[in-house]
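Number of protein chains: 2
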Amino acid sequence: MPANRQIVLDNRPTGEVTPSNFKLVTTETPALQDGQVLVRHHFLSLDPYMRGRMNEGKSYAQPQPLGEVMIGGTVGEVADSRHPKFKAGDRVVGMGGWQEFSVVDANQPGALRKVDTTHVPLSHYLGAVGMPGVTAWYGLVKIIDPKPGQTVVVSAASGAVGSAVGALAKVRGARAVGIAGGPDKCRYVTDELGFDACIDYKEHKDAHSLSKALKQACPDGIDGYFENVGGMCLDAVMLRANAFSRIAMCGMIAGYDGQPIPMQFPQLILVNRMRIEGFIVSEHMEVWADALNELGQLVGSGKLRPRESVAQGLDSAPEAFIGLLKGRNFGKQLVKLA
Amino acid sequence: MPANRQIVLDNRPTGEVTPSNFKLVTTETPALQDGQVLVRHHFLSLDPYMRGRMNEGKSYAQPQPLGEVMIGGTVGEVADSRHPKFKAGDRVVGMGGWQEFSVVDANQPGALRKVDTTHVPLSHYLGAVGMPGVTAWYGLVKIIDPKPGQTVVVSAASGAVGSAVGALAKVRGARAVGIAGGPDKCRYVTDELGFDACIDYKEHKDAHSLSKALKQACPDGIDGYFENVGGMCLDAVMLRANAFSRIAMCGMIAGYDGQPIPMQFPQLILVNRMRIEGFIVSEHMEVWADALNELGQLVGSGKLRPRESVAQGLDSAPEAFIGLLKGRNFGKQLVKLA
Numbered sequence: 000m001p002a003n004r005q006i007v008l009d010n011r012p013t014g015e016v017t018p019s020n021f022k023l024v025t026t027e028t029p030a031l032q033d034g035q036v037l038v039r040h041h042f043l044s045l046d047p048y049m050r051g052r053m054n055e056g057k058s059y060a061q062p063q064p065l066g067e068v069m070i071g072g073t074v075g076e077v078a079d080s081r082h083p084k085f086k087a088g089d090r091v092v093g094m095g096g097w098q099e100f101s102v103v104d105a106n107q108p109g110a111l112r113k114v115d116t117t118h119v120p121l122s123h124y125l126g127a128v129g130m131p132g133v134t135a136w137y138g139l140v141k142i143i144d145p146k147p148g149q150t151v152v153v154s155a156a157s158g159a160v161g162s163a164v165g166a167l168a169k170v171r172g173a174r175a176v177g178i179a180g181g182p183d184k185c186r187y188v189t190d191e192l193g194f195d196a197c198i199d200y201k202e203h204k205d206a207h208s209l210s211k212a213l214k215q216a217c218p219d220g221i222d223g224y225f226e227n228v229g230g231m232c233l234d235a236v237m238l239r240a241n242a243f244s245r246i247a248m249c250g251m252i253a254g255y256d257g258q259p260i261p262m263q264f265p266q267l268i269l270v271n272r273m274r275i276e277g278f279i280v281s282e283h284m285e286v287w288a289d290a291l292n293e294l295g296q297l298v299g300s301g302k303l304r305p306r307e308s309v310a311q312g313l314d315s316a317p318e319a320f321i322g323l324l325k326g327r328n329f330g331k332q333l334v335k336l337a
Numbered sequence: 000m001p002a003n004r005q006i007v008l009d010n011r012p013t014g015e016v017t018p019s020n021f022k023l024v025t026t027e028t029p030a031l032q033d034g035q036v037l038v039r040h041h042f043l044s045l046d047p048y049m050r051g052r053m054n055e056g057k058s059y060a061q062p063q064p065l066g067e068v069m070i071g072g073t074v075g076e077v078a079d080s081r082h083p084k085f086k087a088g089d090r091v092v093g094m095g096g097w098q099e100f101s102v103v104d105a106n107q108p109g110a111l112r113k114v115d116t117t118h119v120p121l122s123h124y125l126g127a128v129g130m131p132g133v134t135a136w137y138g139l140v141k142i143i144d145p146k147p148g149q150t151v152v153v154s155a156a157s158g159a160v161g162s163a164v165g166a167l168a169k170v171r172g173a174r175a176v177g178i179a180g181g182p183d184k185c186r187y188v189t190d191e192l193g194f195d196a197c198i199d200y201k202e203h204k205d206a207h208s209l210s211k212a213l214k215q216a217c218p219d220g221i222d223g224y225f226e227n228v229g230g231m232c233l234d235a236v237m238l239r240a241n242a243f244s245r246i247a248m249c250g251m252i253a254g255y256d257g258q259p260i261p262m263q264f265p266q267l268i269l270v271n272r273m274r275i276e277g278f279i280v281s282e283h284m285e286v287w288a289d290a291l292n293e294l295g296q297l298v299g300s301g302k303l304r305p306r307e308s309v310a311q312g313l314d315s316a317p318e319a320f321i322g323l324l325k326g327r328n329f330g331k332q333l334v335k336l337a
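Sequence lines, in order, name chains V and W. At position 128 of the first sequence (counting the first as 1) the number is 127 in numbering that gives the first Met the number 0, and the numbers step up by one without a gap. At position 16 of the second sequence (counting the first as 1) the number is 15 in numbering that gives the first Met the number 0, and the numbers step up by one without a gap.
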């Protein structure tokens, strides 16, 4: 069996994540038992939710155990199989973690899924046609549920989730407005993703300033907001929220290192009869089939053109992850492993 | 026609409301035209929402116009009628405002409603079996929707809305826990209203302290919260909120004078997949009949024993209203007018 390089969580961050929180180790992949599949990973997905898992505190999921391989979505090919439904060469998606190979018990429901790469490149199954895409779909369709002509705003708009939110909103006849960091990302959001407008939050030093820019970009107010960031973005959007507006609370990356991120104007929830709802996509497996179907069509037809930042080799994963948390990535952050 | 004493809004408060914001005037009641009814008010209702109307700023309702009679719910008796459905002596509820008499165009839908005082005292139609009761009903039934065994917390628990929330929660098999100000109110909440526990927020100087008390009172966490206050109460409850908990956002009296009342831990919305929903009962007329029916039965059967603070005479309305905003009332705040 091949040698397998792995990244484990060595110690928990206090504040910002640093490379020293991780450790690279090399192990031998164990021999396959009946029902198991050996997967060679082509790409590892890096996602903001991983930051939450690195903390010890109470969250919706168990903390990442120390000394174990970091959790993470992977796509790759079957290298060897002792399961009748998988054969060498099959393209598969799973939760292989931060390592080059994984041994998967393929009888476990949802552990390994074969994918078709005829119209959709393999890596997109970690992004637009994977967990981030379904995350966008659930929040947009099930919580925001925009009507034609309504305005939907999304933060981190150039990212894997944000870009899909915009495409799904446009297909439903809504106005899509992004918030992103820097002129390059904003240009991509409007010119390539087809959003109606995009605001560079780095040009604004507080919520009131950002809110003025939102007023210009959203002349009819804001009916739905898909939140990936929190803090100033959330406050600014709430100042422009319409009556009966909805906020899908998906992530608050601004507070992942423990910074206080108070919501400044909660009274607006009442004044505008808003609905704010937090969700985790893995608790809504019932929507995955519909969502992946629509997302696959959007990507296949070019209506959603996801962008990727690809780091090379497992060693680069910690720095790439830290970059993601700081917004240095541009589009879906991946690590190429083979 | 009788002389009519009225209280008008003379000028808008900057910060706290003061008696000088109001002016007492005396006018003559106009002669009735066809379809009109002259109502002699027995009780005026004082409610926190009036504070919001006194501001000029954007809110869900039009601001109270300067120089006009303050808005307010009233119960009374028909003194004279030129409408076939009303006759002198009928007991009626309406929005007569801060004055001793009102002339009502009874053809306007919902302007005037006859009530039966056989089992329910007239004044309760301004409280438990009126707008505050329906407010409690909507938030508890339509937003919180507690399952048997779940825990529901309500702030301002001894008030007109809070007391009804507790009774409605108990009937549904939920654990009801109140937050109120002072030992007398807390005793009333547990001993007379039948809540399972009540916490005196005045014994706690910050959200973390209040949250510890909530942990004791809610050993299985909090599944639903009915918010009348905001600020420290909201933060403390969110620190104990269960997965998939619901907050019905009804009022935030802590911020009515313009104080900042940030929500300290919005990331808990995501961590606990919470749903927070603001509402205004007047936008949900479809529930009033069902709600009033259940509330009338709760009061008639003694399962809900509303308490009232009654100020004497129209002149006392401004001071009584200021007391309400400071939590000096005990139960539903009324002004006896006749």
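Glycine residues also receive a C-beta, built at the ideal position from the N, C-alpha and C atoms.
Between which two residues does the alpha helix (DSSP H) carrying Met-130/W extend?
130-136
Validate contact between the segment 143-154 of chain V and the segment 127-134 of chain V using beta carbons, cut 8 Å, 3 pairs:
no
Cβ shell of Cys-185/W (< 6 Å), same chain only, five flanking positions each side left out:
Ala-179, Cys-197, Asp-199
Quick check for students: name the residue ranges of the beta strand (DSSP E) that lie wholly in the segment 183-207 of chain W, counting only runs of 3 or more.
196-199
Below 9 Å between beta carbons: does that hold for Ile-252/V and Val-236/V?
no
Nearest chain C C-beta to Phe-225/W closer than 9 Å, yes or no?
Here the protein chains are V and W, and chain C is not one of them.
Can Thr-116/W and Arg-81/W be called in contact, C-beta distance under 9 Å?
no
If you draw a straight line from the C-alpha of Gly-177/W to the C-alpha of Val-298/V, how long is it?
52 Å
Any 3 or more C-beta pairs closer than 8 Å across the segment 267-287 of chain W and the segment 285-304 of chain V
no
When you compare the CB of Tyr-59/W with every CB in chain V, is at least one pair closer than 9 Å?
yes
Hey, Pro-131/V and Ala-156/V are a contact pair by Cβ (cut 8 Å); roughly how many whole angstroms apart?
Contact doesn't hold; Cβ gap of about 13 Å is too wide.
Return the bridge partner residues of Ser-44/V from the DSSP annotation.
Leu-333/V
Taking just the CA atoms, how far does Arg-239/V sit from Leu-43/W?
36 Å
Counting only the same chain and skipping the five closest in sequence on each side, list residues whose C-beta sits under 8 Å from that of Glu-55/W.
Arg-11, Pro-62
Going by other Cβ atoms of all chains shown within 10 Å of its Cβ, with 16 needed for buried, is His-207/V buried or exposed?
exposed
Run through chain V and tell me which residues come within less than 9 Å of Leu-233/W, C-beta to C-beta.
Pro-265
Within 9 Å, strictly: CB atoms of Lys-325/V and Ala-166/V
no
Determine which residues of the segment 239-261 of chain W have a Cβ less than 8 Å from any Cβ of chain V, and write them out in chain order.
Ala-242, Met-248, Cys-249, Gly-250, Met-251, Gly-254, Pro-259, Ile-260, Pro-261
Closer than 8 Å, Cβ to Cβ, to anything on chain V: give me those residues from the segment 169-198 of chain W, in chain order.
none
Check this for me: beta carbons of Lys-335/W and His-41/W, under 9 Å apart or not?
yes
Using a threshold of 9 Å, state whether the C-beta atoms of Gly-71/W and Asp-104/W are closer than that.
no
Mind checking whether Val-341/W and Ser-154/W have CB atoms under 9 Å apart?
Outside the shown range of chain W (0 to 337) lies residue 341/W, about which nothing can therefore be said.
Just the Cα atoms here: how many angstroms apart are Lys-169/W and Phe-194/W?
8 Å
Using 9 Å as the threshold, is the C-beta distance between Gly-230/V and Gln-266/V below it?
no
Members of the segment 276-301 of chain V that neighbour chain W once the beta carbon cut-off is set at 8 Å
Glu-276, Gly-277, Phe-278, Ile-279, Glu-282
Between the CA atoms of Asp-256/V and Val-74/V - distance to the nearest angstrom
28 Å
Glu-276/W, buried or exposed, once every other Cβ within 10 Å from all chains shown has been counted against 16:
buried
Taking a contact to mean a Cβ-Cβ separation below 9 Å, would you say Lys-146/V touches Ala-175/V in this structure?
no
So, under 8 Å CB-CB, Arg-52/W and Thr-25/W are touching, yes? Tell me the CB distance rounded to an integer number of Å.
Not really, about 23 Å apart at Cβ, beyond 8 Å.
Chain-ordered chain W contacts of Ile-221/V [CB-CB under 9 Å]:
The contacting residues do not exist; Ile-221/V stays about 14 Å from chain W at best.
Let's see if you can read the secondary structure: which residues bound the beta strand (DSSP E) around Glu-276/W?
274-277
Closest to Ala-87/V by C-alpha separation, out of Lys-113/V, Val-160/V, Glu-99/V, would be which residue?
Lys-113/V
Relative to the C-alpha of Gly-223/W, which residue among Ala-316/W, Arg-39/W, Phe-243/W, Asp-234/W is closest?
Phe-243/W
Contact check, Val-280/W vs Val-119/W, beta carbons under 9 Å:
no
Opposing strand residues paired with Glu-307/W [DSSP bridges]
Lys-331/W
Give a yes or no on whether 9 Å exceeds the smallest Cβ distance from Val-164/V to chain W.
no
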